[in-house]
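Engineer:
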Amino acid sequence: AQRVTQPEKLLSVFKGAPVELKCNYSYSGSPELFWYVQYSRQRLQLLLRHISRESIKGFTADLNKGETSFHLKKPFAQEEDSAMYYCALGEGAQKLVFGQGTRLTINP
Amino acid sequence: NAGVTQTPKFQVLKTGQSMTLQCAQDMNHEYMSWYRQDPGMGLRLIHYSVGAGITDQGEVPNGYNVSRSTTEDFPLRLLSAAPSQTSVYFCASSYSINSGGEQFFGPGTRLTVL
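If you read the protein sequences in the order shown, they are chains A and B.
Residue numbering for the first sequence follows the working numbering, starting at 921 and increasing by one per position.
Residue numbering for the second sequence follows the working numbering, starting at 1263 and increasing by one per position.
Below is the structure:
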């Protein structure tokens, strides 16, 4: 069965430090992977998708098929990055399988 | 555009009661879906629809019914509420099943079943 694992429920880093949110997946086909983010009192929204290979708000994520990972990275954390982050796997017809989520806190 | 709207924002039910969670979108999106969010479990797909008149089950469909009579609306019905259905429910929509995965989420409905 398709699974998405985010091993860290909570992650706390200092402002200006690098951030890495881990995501591992299991999928038999060619995966479509996404990162969604939920800021305090806001809706869940798409942050980035692997197919776009883009950087959004300084975040990047590289799909590593060998390690079945899609870790989210940012070189210098900012306080406004504090949020709940979800890794998600697209399972055809846009059915998303979500990981458990990681709550990121950036300390001043 | 209002985007995806959900009503009510909060609801408390007693075991055995029924209710309908409303979801509407004004973006003419084909694809709509319902998720539930539970602590430590992320979001899990309940039901989804790829267009008016077409619905299908997701990962956790038991205890829920859906219908899609119009493009805009996708209500979720709880037939006989149980405490295990206490959760936050999110509705989402997307332009098409092939739009690369960006789903637009509603604000959520927090449901408590006593």
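Where is the CB? At the ideal position from N, CA and C, for every residue including glycine.
These figures come from a predicted structure and were not determined experimentally.
If I follow the unbroken beta strand (DSSP E) through Met-1281 (chain B), where does it start and stop?
Structural biologist: By one-based count along the second sequence, residue 1281 (chain B) stands at place 19. In the DSSP assignment, Met-1281 (chain B) falls within the unbroken beta strand (DSSP E) covering 1281-1287.
Engineer: Return the Cβ separation of Phe-979 (chain A) and Leu-953 (chain A) in integer angstroms, given the expectation that the two are a contact with Cβ distance under 8 angstroms.
Structural biologist: Position 59 of the first sequence, counted from the first residue, corresponds to residue 979 (chain A). Position 33 of the first sequence, counted from the first residue, corresponds to residue 953 (chain A). About 14 angstroms separates the two Cβ atoms, so there is no contact after all.
Engineer: Please look up how many angstroms separate the CB atoms of Phe-996 (chain A) and Pro-938 (chain A), rounded, as I've assumed it's under 8 angstroms.
Structural biologist: Here residue 996 (chain A) is taken as the residue at index 76 of the first sequence, counted from 1. Here residue 938 (chain A) is taken as the residue at index 18 of the first sequence, counted from 1. Confirmed, Cβ separation roughly 7 angstroms.
Engineer: Taking Cβ-Cβ distances shorter than 8 angstroms, what residues in chain B pair up with Gly-1019 (chain A)?
Structural biologist: Within the first sequence, the letter at position 99 stands for residue 1019 (chain A). For Gly-1019 (chain A), the chain B residues whose Cβ falls inside 8 angstroms of its Cβ are Gly-1304, in order along the chain.
Engineer: Would you list, in chain order, the members of the segment 1305-1330 of chain B that have their beta-carbon closer than 9 angstroms to a beta-carbon of chain A?
Structural biologist: Leu-1305, Arg-1306, Leu-1307, Tyr-1310, Val-1312, Asp-1318, Gly-1320 and Glu-1321
Engineer: Any Cβ of chain A within less than 9 angstroms of the Cβ of Tyr-1295 (chain B)?
Structural biologist: For the purposes of this step, residue 1295 (chain B) is taken as the residue at position 33 of the second sequence. For the sequence presented, residue 1295 (chain B) should be read as Ser rather than Tyr. Yes, because at least one Cβ of chain A sits closer than 9 angstroms to the Cβ of Ser-1295 (chain B).
Engineer: Among residues of its own chain, excluding the 5 on either side of Ser-1355 (chain B), which ones have a beta-carbon nearer than 6 angstroms to its beta-carbon?
Structural biologist: Indexing the second sequence from 1 puts residue 1355 (chain B) at position 93. Around Ser-1355 (chain B): Val-1266, Gln-1287, His-1291, Met-1294 and Phe-1366.
Engineer: Using a cut-off of 9 angstroms between C-beta atoms, extract the partners of Arg-963 (chain A) located in chain B.
Structural biologist: Mapped onto the first sequence, residue 963 (chain A) falls at position 43. The answer, in chain order, is Gly-1265, Val-1266, Phe-1352, Phe-1366, Phe-1367, Gly-1368, Pro-1369 and Gly-1370.
Engineer: Counting only beta-carbon atoms, is Val-924 (chain A) nearer than 9 angstroms to chain B?
Structural biologist: As a first step, residue 924 (chain A) is located in the first sequence; it is residue number 4 there, counting from the start. So yes, Val-924 (chain A) belongs to the interface.
Engineer: Thinking Pro-1323 (chain B) and Thr-1277 (chain B) are a contact (beta carbons under 8 angstroms), I'd like their distance in whole angstroms, please.
Structural biologist: Within the second sequence, the letter at position 61 stands for residue 1323 (chain B). Within the second sequence, the letter at position 15 stands for residue 1277 (chain B). So it is not a contact: roughly 20 angstroms between Cβ atoms.
Engineer: When the Cβ atoms of the segment 1327-1340 of chain B are set against those of the segment 1295-1309 of chain B, are three or more pairs found closer than 8 angstroms?
Structural biologist: yes
Engineer: Hey, Leu-967 (chain A) and Trp-955 (chain A) are a contact pair by Cβ (cut 8 angstroms); roughly how many whole angstroms apart?
Structural biologist: Translated into positions along the first sequence, residue 967 (chain A) becomes position 47. Translated into positions along the first sequence, residue 955 (chain A) becomes position 35. Correct: roughly 4 angstroms between the Cβ atoms.
Engineer: Nearest chain B C-beta to Lys-929 (chain A) closer than 9 angstroms, yes or no?
Structural biologist: Reading the first sequence from its first residue, position 9 is the one you call residue 929 (chain A). Yes - at least one Cβ of chain B is within 9 angstroms of the one on Lys-929 (chain A).
Engineer: By how many angstroms is the C-alpha of Tyr-945 (chain A) removed from the C-alpha of Asn-984 (chain A)?
Structural biologist: Mapped onto the first sequence, residue 984 (chain A) falls at position 64. Mapped onto the first sequence, residue 945 (chain A) falls at position 25. Those two C-alpha atoms are separated by around 10 angstroms.
Engineer: Hey, how far is the Cα of Ser-950 (chain A) from the Cα of Leu-1275 (chain B)?
Structural biologist: Mapped onto the first sequence, residue 950 (chain A) falls at position 30. Mapped onto the second sequence, residue 1275 (chain B) falls at position 13. Those two C-alpha atoms are separated by around 42 angstroms.
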